[in-house]
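**Student:**
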Amino acid sequence: MTLSSLGYIGIRSARTQDWSGFATGLLGMQEVDRGGSSRAFRMDDRKQRLLVTGDGDEGLDFLGWEVDSPEELDRLAGRLENAGVAVRLESAALADQRLVSRLISFKDPDGNHIEVFCQPQIASDPFVPGRPISGFKTGTFGMGHAVLHVEDAQGLLPFYRDLLGFNVTDYGLTPFPLYFFHLNGRHHSFAMVGSGRKGLHHFMVELQSLDDVGQGYDIAQTEEGRLAFSLGRHSNDHMTSFYANSPSGFFVEYGWGARVIDPATWEPHETTDGPSYWGHERVHLPDGDPTRDRMREMRMDAARRGKRAADPVPNCAWLDSVVNRD
636 MTLSSLGYIG IRSARTQDWS GFATGLLGMQ EVDRGGSSRA FRMDDRKQRL LVTGDGDEGL
696 DFLGWEVDSP EELDRLAGRL ENAGVAVRLE SAALADQRLV SRLISFKDPD GNHIEVFCQP
756 QIASDPFVPG RPISGFKTGT FGMGHAVLHV EDAQGLLPFY RDLLGFNVTD YGLTPFPLYF
816 FHLNGRHHSF AMVGSGRKGL HHFMVELQSL DDVGQGYDIA QTEEGRLAFS LGRHSNDHMT
876 SFYANSPSGF FVEYGWGARV IDPATWEPHE TTDGPSYWGH ERVHLPDGDP TRDRMREMRM
936 DAARRGKRAA DPVPNCAWLD SVVNRD
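Residues 636 to 961 (this note's numbering) are what the sequence shown spells out, left to right.
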């Protein structure tokens, strides 16, 4: 396994001021750069995790994946070139903008711009959240996860799984193809949905506290059109989350409590329960929309079958004795 985690995300947007308010006031990120039409945001001890620039069409600019060393970066570049993928060794100037030591870039078969880097810069000053939160779950798990719309999910499997080395965690085939991939203990750092479209479906950030998510949910509901999916719990990674409409039109998932997997022993499998055990109502879609109705029916079916996920809390002998007392 060469790639270790999702390191950063770049967004193109003419709405940089809206992104400043969204990233700090709702997500709780720290704004660290307001140069010209660009914005940069921190989530942890890394100097930046999210970059927003005013150049080009609205949407995803690049995904930045981390490797552990310059040697790993060279090995990956060689493997890509041997497979016929055009790889660019980016300039020191661009590496300085990304606040990393070295990076390469290339396109996936759908034309998405991918960067791979090593040795990110670490900040000397502590992370200061844009609103009171307990912090983000990052570290070896990376920034979070990213999910792409793709035209042909099965057609992209050889590129992401076999060439880049993403490991399939699980997949679903109904009502559309969904593939989830892990690089570390995070259930998935990357996923693709075979919607027949292209672009970013959403990126996810995970919080250290459920209350951080709940308070973010309250904030999102005060802003007209901000809420995209209601609070719910996913069936595969067991994340409790909601989805917000970003200033650029794609979604941002804001969650807590996802399961941690063991990559050494995990076996990929098909999931048939639908994306969520409960919640995640697609409020961005109108009533009667076929997709909204289908997702609701899949949740109701899971409820009829009594599907549950283990709660992400440590065992407490005292609490258990109280709850189970006759």
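Quick reminder that beta carbons are idealized off the backbone N, C-alpha and C, glycines included.
Kindly give me the distance between the Cβ atoms of L798 and L715, rounded to whole angstroms, as I take these residues to be in contact under 8 angstroms.
**Tutor:** 7 angstroms
**Student:** Within a Cβ cutoff of 8 angstroms, which residues of the same chain sit near A938, ignoring the five residues on either side of it in sequence?
**Tutor:** Y912, W913
**Student:** Could you pull out every residue in the same chain whose Cβ sits closer than 8 angstroms to the Cβ of D743, ignoring the five residues on either side in sequence?
**Tutor:** I749, L791, F794, Y795
**Student:** From this set, S648, R684, G719, which residue's C-alpha is nearest D690's C-alpha?
**Tutor:** S648
**Student:** Using the three-state DSSP reduction, which class does A879 fall into: helix, strand or coil?
**Tutor:** Strand.
**Student:** Quick check on M882: buried or exposed, where buried means 16 or more other Cβ atoms within 10 Å of its Cβ?
**Tutor:** Going by the sequence as given, residue 882 is Pro instead of Met. It counts as buried.
**Student:** Please state the DSSP three-state secondary structure of P705.
**Tutor:** Looking at P705 - three-state DSSP - the assignment turns out to be helix.
**Student:** According to DSSP, is R677 helix, strand or coil?
**Tutor:** In the structure shown, R677 adopts extended strand secondary structure according to DSSP, grouped into three states.
**Student:** Output the distance between the C-alpha atoms of V958 and F877, rounded to the nearest integer angstrom.
**Tutor:** Model confidence at V958 stands at a pLDDT of 37, short of 50, so the residue's coordinates are unreliable and nothing is read from them.
**Student:** Considering only the alpha carbon of each residue, which of T659, W700, R931 lies closest to P755?
**Tutor:** Among T659, W700, R931, the Cα nearest to that of P755 is on W700.
**Student:** Out of curiosity, what's the CA-to-CA distance linking E916 and T907?
**Tutor:** 18 angstroms
**Student:** Find the nearest neighbour of S640 within the set P947, F657, F801, Y806, judged by alpha-carbon distance.
**Tutor:** F801
**Student:** Under the three-state reduction of DSSP, which class applies to W891: helix, strand or coil?
**Tutor:** strand
**Student:** Distance, Cα to Cα, W901 vs I768?
**Tutor:** Each residue's alpha carbon lies about 32 angstroms from the other.
**Student:** From which residue to which residue does the beta strand (DSSP E) around V722 run?
**Tutor:** Counting along the chain, V722 falls outside any beta strand (DSSP E), and DSSP gives it neither H nor E.
**Student:** For H822, count neighbouring C-beta atoms within 10 Å of its own C-beta (all shown protein chains included) and say buried if the count is 16 or more, exposed if not.
**Tutor:** buried
**Student:** Check W901 in the structure and name its three-state DSSP category.
**Tutor:** coil
**Student:** Judging by CA-CA distance, which residue of F741, I644, E786, Q850 is the nearest neighbour of A718?
**Tutor:** F741
**Student:** Measure the CB-CB distance between G765 and M664 and report whether it falls below 8 angstroms.
**Tutor:** yes
**Student:** Using a Cβ cut-off of 8 angstroms (strictly closer), state whether T857 contacts chain E.
**Tutor:** Of the chains in the structure shown, none is chain E; there is only one protein chain.
**Student:** Give every residue of the same chain whose Cβ lies closer than 6 angstroms to the Cβ of A675, excluding the five residues on either side of it in the sequence, and list them in chain order.
**Tutor:** V667, D668, Q683, L686
**Student:** Looking only at its own chain, which residues have a Cβ that is under 7 angstroms from the Cβ of L711, when we skip the five neighbours before and after it?
**Tutor:** Contacts found: T637, V702, V751.
**Student:** Got a sec, what are the start and stop residues for the alpha helix (DSSP H) G849 sits in?
**Tutor:** 845-856
**Student:** Does the stretch 880-898 come into contact with the stretch 860-867, if we say contact requires no fewer than three beta-carbon pairs (one atom in each stretch) closer than 8 angstroms?
**Tutor:** The way I'd put it, the stretch 880-898 does touch the stretch 860-867; three or more beta-carbon pairs between them come closer than 8 angstroms.
**Student:** Which residues in the same chain as D692 place their Cβ atom closer than 7 angstroms to its Cβ, once the five residues preceding and following it in sequence are excluded?
**Tutor:** R647
**Student:** Quick check on this structure: which residue in T688, D709, L695 has the alpha carbon closest to the alpha carbon of Q732?
**Tutor:** T688
**Student:** Helix or strand or just coil, what does DSSP make of M778?
**Tutor:** In the structure shown, M778 sits in coil (DSSP, three-state: anything other than H, G, I, E or B).
**Student:** Start and end of the beta strand (DSSP E) containing P755?
**Tutor:** 748-755
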